[in-house]
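Visitor: Chains as they are written, first to last, in the UniProt record's numbering: chain A, 1 to 376; chain B, 1 to 376. We put the beta carbon where it would ideally sit given N, CA and C, even for glycine. The structure's right below; bear with me while I get my questions together.
Number of protein chains: 2
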Amino acid sequence: MVFKIQSTDKKSKARTGTIQTDHGEIKTPIFMPVGTAGTVKSIHQRELESDINAQIILGNTYHLYLRPGLDVLSQAGGIHKFNGWNRPILTDSGGYQVYSLSGTRKIKEEGVTFASHIDGSKHTFTPENVMDIQRTIGADIIMAFDECTPYPCEYKYARKSMEMTHRWLKRCCDRFDSTEPKYGYGQTLFPIVQGSCFKDLRLASAEKIASFNREGNAIGGLSVGEPAEIMYEMTEIVCSVLPWEKPRYLMGVGTPANLLESIALGIDMFDCVMPTRNARNGMIFTTEGIINIKNEKWKSDFSEIDPGLPSFLKNYYSKAYLRHLVASKEILGAQIATLQNLTFYLWLMNEARTKIEEGTFSEWKDLTVKKIMTRL
Amino acid sequence: MVFKIQSTDKKSKARTGTIQTDHGEIKTPIFMPVGTAGTVKSIHQRELESDINAQIILGNTYHLYLRPGLDVLSQAGGIHKFNGWNRPILTDSGGYQVYSLSGTRKIKEEGVTFASHIDGSKHTFTPENVMDIQRTIGADIIMAFDECTPYPCEYKYARKSMEMTHRWLKRCCDRFDSTEPKYGYGQTLFPIVQGSCFKDLRLASAEKIASFNREGNAIGGLSVGEPAEIMYEMTEIVCSVLPWEKPRYLMGVGTPANLLESIALGIDMFDCVMPTRNARNGMIFTTEGIINIKNEKWKSDFSEIDPGLPSFLKNYYSKAYLRHLVASKEILGAQIATLQNLTFYLWLMNEARTKIEEGTFSEWKDLTVKKIMTRL
Numbered sequence: 001m002v003f004k005i006q007s008t009d010k011k012s013k014a015r016t017g018t019i020q021t022d023h024g025e026i027k028t029p030i031f032m033p034v035g036t037a038g039t040v041k042s043i044h045q046r047e048l049e050s051d052i053n054a055q056i057i058l059g060n061t062y063h064l065y066l067r068p069g070l071d072v073l074s075q076a077g078g079i080h081k082f083n084g085w086n087r088p089i090l091t092d093s094g095g096y097q098v099y100s101l102s103g104t105r106k107i108k109e110e111g112v113t114f115a116s117h118i119d120g121s122k123h124t125f126t127p128e129n130v131m132d133i134q135r136t137i138g139a140d141i142i143m144a145f146d147e148c149t150p151y152p153c154e155y156k157y158a159r160k161s162m163e164m165t166h167r168w169l170k171r172c173c174d175r176f177d178s179t180e181p182k183y184g185y186g187q188t189l190f191p192i193v194q195g196s197c198f199k200d201l202r203l204a205s206a207e208k209i210a211s212f213n214r215e216g217n218a219i220g221g222l223s224v225g226e227p228a229e230i231m232y233e234m235t236e237i238v239c240s241v242l243p244w245e246k247p248r249y250l251m252g253v254g255t256p257a258n259l260l261e262s263i264a265l266g267i268d269m270f271d272c273v274m275p276t277r278n279a280r281n282g283m284i285f286t287t288e289g290i291i292n293i294k295n296e297k298w299k300s301d302f303s304e305i306d307p308g309l310p311s312f313l314k315n316y317y318s319k320a321y322l323r324h325l326v327a328s329k330e331i332l333g334a335q336i337a338t339l340q341n342l343t344f345y346l347w348l349m350n351e352a353r354t355k356i357e358e359g360t361f362s363e364w365k366d367l368t369v370k371k372i373m374t375r376l
Numbered sequence: 001m002v003f004k005i006q007s008t009d010k011k012s013k014a015r016t017g018t019i020q021t022d023h024g025e026i027k028t029p030i031f032m033p034v035g036t037a038g039t040v041k042s043i044h045q046r047e048l049e050s051d052i053n054a055q056i057i058l059g060n061t062y063h064l065y066l067r068p069g070l071d072v073l074s075q076a077g078g079i080h081k082f083n084g085w086n087r088p089i090l091t092d093s094g095g096y097q098v099y100s101l102s103g104t105r106k107i108k109e110e111g112v113t114f115a116s117h118i119d120g121s122k123h124t125f126t127p128e129n130v131m132d133i134q135r136t137i138g139a140d141i142i143m144a145f146d147e148c149t150p151y152p153c154e155y156k157y158a159r160k161s162m163e164m165t166h167r168w169l170k171r172c173c174d175r176f177d178s179t180e181p182k183y184g185y186g187q188t189l190f191p192i193v194q195g196s197c198f199k200d201l202r203l204a205s206a207e208k209i210a211s212f213n214r215e216g217n218a219i220g221g222l223s224v225g226e227p228a229e230i231m232y233e234m235t236e237i238v239c240s241v242l243p244w245e246k247p248r249y250l251m252g253v254g255t256p257a258n259l260l261e262s263i264a265l266g267i268d269m270f271d272c273v274m275p276t277r278n279a280r281n282g283m284i285f286t287t288e289g290i291i292n293i294k295n296e297k298w299k300s301d302f303s304e305i306d307p308g309l310p311s312f313l314k315n316y317y318s319k320a321y322l323r324h325l326v327a328s329k330e331i332l333g334a335q336i337a338t339l340q341n342l343t344f345y346l347w348l349m350n351e352a353r354t355k356i357e358e359g360t361f362s363e364w365k366d367l368t369v370k371k372i373m374t375r376l
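As structure tokens, then:
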């Protein structure tokens, strides 16, 4: 993996760049649509490629490990061959799902024991086997196994957890560096900064993580319920320590405004379920603002869903039709809403890159944040 | 509406033709994908046009009347403007849904009173208001309000019901002929033959229906649980009476084999939820046979879903991936399965037309029915 910074903004820490992987190039800043079980829910791979123009998607180790399982993924020749997505893929480490989805889990120094949400069967994730699992899944970028602390979190717990995450990182790196990719293309490992919302812990964690000198770095444990200001503060502190010349990935973030503000702090990569999950519930992001399509006011609004966005949707569908579909719980409602939201998110990243290159990012950001976060 | 017969098969009653509507031409024999609430479940209009090559789709009066409702459809300028489908549309009369979906309904000479499955509100359908409703929905082909008898059905009930359907047809025609289309394009009304599985009733009904001299005729009350042989027998009897020079529509039918056998009896139009509904449950129709994709045997089968069908699906997806999606209840599973099934059904109709034109339909049918109904 090669990261090259192309241009930088003078009034902020924003930058554009490219990440070269064996499955192609990623232009940063970038948003990665979440494809939990090897599918971005309700979106065809063809649409991801040609309509949404996604450059990289995310998969969840926890879900893929349980279903279809490592035997199938291995026989397929890895996740790209399995799901037909030939551009880059990133997998998380499974840690977040284990904590948030699994009813009964035990976190110990060795690793985490948890019960499958599908059949209740018991499994253990350790830093070592999570590396092995991600080798078998075969994403281009894989994540270290960490503990994601909740918000709010006691200082003492946050510190102890962070220290364990650091020890786990050492074990992840040892395992990763002593194993080979399985399918003939390269994989790279990103470590994750933790430390909850405590400045000193975030600083200490960022320094520790940077010292591992991996090809890219991630920030975890944010966007878990804390106020946006605290998230930005922590992100800023961490970005001041993480090496400038390597990509920075802010995990699980966020709203369109969160993305633009975090780009200004020096973040290059994002993922979040918001554009996909909220789409299925009728929350539509547009270039003109946010629409709750279930609202009565859209019932007879036959205008196109987003006049500002080039998309095939405008050739077929109106707000009123989308409202009807979502109100009727029709699958096509989820399809259209998700396609709109992801097209918007990727368009926003493209706009941000252009503005950074043109040297007008900061002014554009302030105007745009206001507009796109307006409730219509 | 203009129907022209293009070619006929020498060894059967099969024929090819064209139906000209104000929304374009339909080549017959044709299968009409079911778009209950103004959407073919899990399929984009773009896919219907360009991938599936659907020439006409069906909508359900009962569902569209309840949601989005006539005010929205009227303000939109009719169903085509509302759902973005600019090719022909056919609506059923709502009768079938009222009988099968509605818990509490009362059938009287005047009409049917029923409770909405959405909110329990009370409504009445009469032959007259069902014509008005279908004028407002605005489909190109609309259906007479009839009673669809269950199977099995007592002779006495079947006869009385059939006679009421005939009286209702008179009322439908009177109302239809004394009203105008609302959106500047033509609409045509098809009456429906009933008579359950009784030869004399079917003959009598077909004669009565033919006497109304409408532009096309339909056969209802079949494919409701009776053996296929009886369905074919009834279809054959009715086709011997219904005028040769007008399109014949066999409602709610059926399996790929049912379609080919009924084409041989002189049927031109079909609709059925089978390719769409069963897709969502993992039943996949292919040129090689029928697949239950949930079956363990497909778990590591990385071959394409249907090697015999030209489709964009083959560029992305395997049987194993589709199995994973359906097993995981992922929306994309429904999307792929439905797209495959409808592409197959429309391909099959296209093949049938070609074989009829080439004069090889009957031989081809016998071989094909065997192949495509094989359980893989």
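Mind the definition here: the segment 355-362 of chain A touches the segment 103-113 of chain B only if three or more C-beta pairs lie below 8 Å; say whether that holds.
Guide: Short answer: they don't touch.
Visitor: Below 9 Å on C-beta distance, what does T165(B) contact in chain A?
Guide: Within 9 Å Cβ-Cβ: nothing; T165(B) doesn't reach chain A, min ~30 Å.
Visitor: Just to confirm the assignment, what range does the alpha helix (DSSP H) spanning V241(A) have?
Guide: Segment A228 to V241, the alpha helix (DSSP H) holding V241(A).
Visitor: Is G333(A) helix, strand or coil when you go by DSSP?
Guide: G333(A) falls in the helix class under three-state DSSP.
Visitor: Considering Cα atoms alone, identify which of P310(A), H23(A) and P29(A) is closest to K4(A).
Guide: Selected option, being the one with the closest Cα: P29(A).
Visitor: Given G289(B), which residues of its chain have a CB within under 6 Å of its CB, disregarding the five upstream and five downstream residues?
Guide: Here the set comprises T374 and L376.
Visitor: Should L367(A) be labelled buried (16 or more other beta-carbon atoms within 10 Å of its own) or exposed?
Guide: That one is exposed.
Visitor: Going along the segment 61-79 of chain B in order, which residues come within less than 7 Å of chain A, judged by CB to CB distance?
Guide: Per Cβ criterion, the list reads R67, P68, V72, Q75 and A76.
Visitor: Please give the ranges of any beta strand (DSSP E) in the segment 85-112 of chain B, keeping only runs that are unbroken, at least 3 residues long and fully inside the region.
Guide: With a minimum length of 3 residues, the continuous beta strand (DSSP E) runs that stay inside the segment 85-112 of chain B are 89-91 and 105-107.
Visitor: Assess contact between the segment 67-80 of chain A and the segment 53-71 of chain B, defined as three or more Cβ pairs (one per stretch) separated by less than 8 Å. Is contact present?
Guide: With a cut-off of 8 Å, the segment 53-71 of chain B and the segment 67-80 of chain A do not count as touching, because too few Cβ pairs lie within range.
Visitor: Does the segment 254-271 of chain A come within contact of the segment 292-303 of chain A, defined as at least 3 CB pairs closer than 8 Å?
Guide: The segment 254-271 of chain A, when compared against the segment 292-303 of chain A, does not touch it at the 8 Å Cβ threshold.
Visitor: Do T21(A) and D140(A) have their beta-carbon atoms positioned less than 8 Å apart in this structure?
Guide: Yes; because the gap between Cβ atoms is below 8 Å, this pair is in contact.
Visitor: Under 8 Å, do T165(A) and Q194(A) count as touching if we go by C-beta distance?
Guide: Yes, the Cβ-Cβ distance between T165(A) and Q194(A) is below 8 Å.
Visitor: Where do the ends of the alpha helix (DSSP H) carrying K156(B) lie?
Guide: Taken as a continuous stretch (DSSP letters only), the alpha helix (DSSP H) holding K156(B) covers Y155 to D177.
Visitor: Report the CB separation of R159(A) from L201(A) in whole angstroms; it is logged as a contact under 8 Å.
Guide: Indeed they touch by this definition, with Cβ atoms about 6 Å apart.
Visitor: Quick check: what's the CA-CA separation for V326(B) versus M32(B)?
Guide: Spanning the two alpha carbons is a distance of roughly 25 Å.
Visitor: Can you have a look at P152(B) and say buried or exposed, based on whether 16 or more other CB atoms are within 10 angstroms of its CB?
Guide: The residue is exposed, with fewer than 16 neighbouring Cβ atoms inside 10 Å.
Visitor: If I'm right that L339(B) touches P256(B) with Cβ under 8 Å, what's the distance once you round it to whole angstroms?
Guide: Their Cβ separation, rounded to whole angstroms, is 16 Å, which puts L339(B) and P256(B) out of contact at 8 Å.
Visitor: Tell me, to the nearest whole angstrom, how far the beta carbon of S328(B) is from that of D301(B); I am working on the premise that it is less than 8 Å.
Guide: With a Cβ gap of about 17 Å, S328(B) and D301(B) do not count as contacting.
Visitor: When you compare only the Cα positions, how much space is there between K365(B) and Y249(B)?
Guide: Looking at the two C-alpha atoms, the distance is approximately 20 Å.
Visitor: Please name the residue or residues paired with residue 379(B) in a DSSP beta bridge.
Guide: Residue 379(B) lies beyond the stretch modelled for chain B, which goes from 1 to 376, so this question has no answer here.
Visitor: Against chain A, does E296(B) count as a neighbour if the rule is that its beta carbon must be under 8 Å from one of theirs?
Guide: With 8 Å as the cut-off, E296(B) does not count as an interface residue toward chain A.
Visitor: Considering just the uninterrupted stretch of the beta strand (DSSP E) at F217(A), what are its terminal residues?
Guide: Looking at the sequence shown, residue 217(A) is not Phe but Asn. Run containing N217(A): N217 to I219, per the beta strand (DSSP E) assignment.
Visitor: Measuring alpha carbon to alpha carbon, tell me which residue in C197(A), A210(A), T113(A) and V253(A) is nearest P127(A).
Guide: Per the Cα distances, T113(A).
Visitor: Could you pull the start and end residues of the beta strand (DSSP E) that E25(A) belongs to?
Guide: Note, E25(A): beta strand (DSSP E), G24 to T28.
Visitor: In angstroms with no decimal places, state the Cα-to-Cα distance between R214(B) and T61(B).
Guide: C-alpha separation (whole angstroms): 20 Å.
Visitor: Using 8 Å for Cβ pairs, my map puts A334(B) next to R277(B). What's the rounded Cβ distance?
Guide: Rounded, the Cβ-Cβ distance is 10 Å, inconsistent with contact.
Visitor: Could you name the residues of the same chain whose beta carbon sits closer than 7 Å to that of I56(A), not counting the 5 residues immediately before and after it, in chain order?
Guide: If we look at I56(A) and ignore the five residues flanking it on each side, its Cβ neighbours are I26, I30, M32, R87, P88, I89 and L90.
Visitor: Find the nearest neighbour of Y321(A) within the set K13(B), N83(B), K11(B) and E163(B), judged by alpha-carbon distance.
Guide: Looking at the Cα atoms, N83(B) is the closest of the given residues.
Visitor: What is the DSSP secondary structure of R353(B), reduced to helix, strand or coil?
Guide: Three-state DSSP puts R353(B) in a helix.
Visitor: Might you give, ordered along the chain, the residues of its own chain that have their beta carbon closer than 6 Å to the beta carbon of I192(A), omitting 5 neighbours on each side?
Guide: Counting only Cβ-Cβ distances below 6 Å, and skipping sequence neighbours, we find A144, D146, A218 and G220.
Visitor: Helix, strand or coil: how does DSSP classify L222(A) here?
Guide: In this structure, L222(A) counts as coil in the three-state DSSP scheme.
Visitor: By the criterion of Cβ-Cβ separation under 9 Å, what are the contact partners of G359(B) in chain A?
Guide: Result: empty, since nearest Cβ-Cβ is about 38 Å, beyond 9 Å.
Visitor: With 8 Å set as the bound, which would you pick, yes or no: does the beta-carbon of residue 380(A) sit closer than that to a beta-carbon of chain B?
Guide: With chain A covering 1 to 376 only, the question about residue 380(A) has no answer from this structure.
Visitor: Can you check which of these residues, A54(B), D306(B), K371(B) and C197(B), is closest to F270(B) by C-alpha distance?
Guide: Selected option, being the one with the closest Cα: A54(B).
Visitor: My output table needs one value for I5(B): the three-state DSSP class, helix, strand or coil.
Guide: Reduced to three states, the DSSP call for I5(B) is strand.
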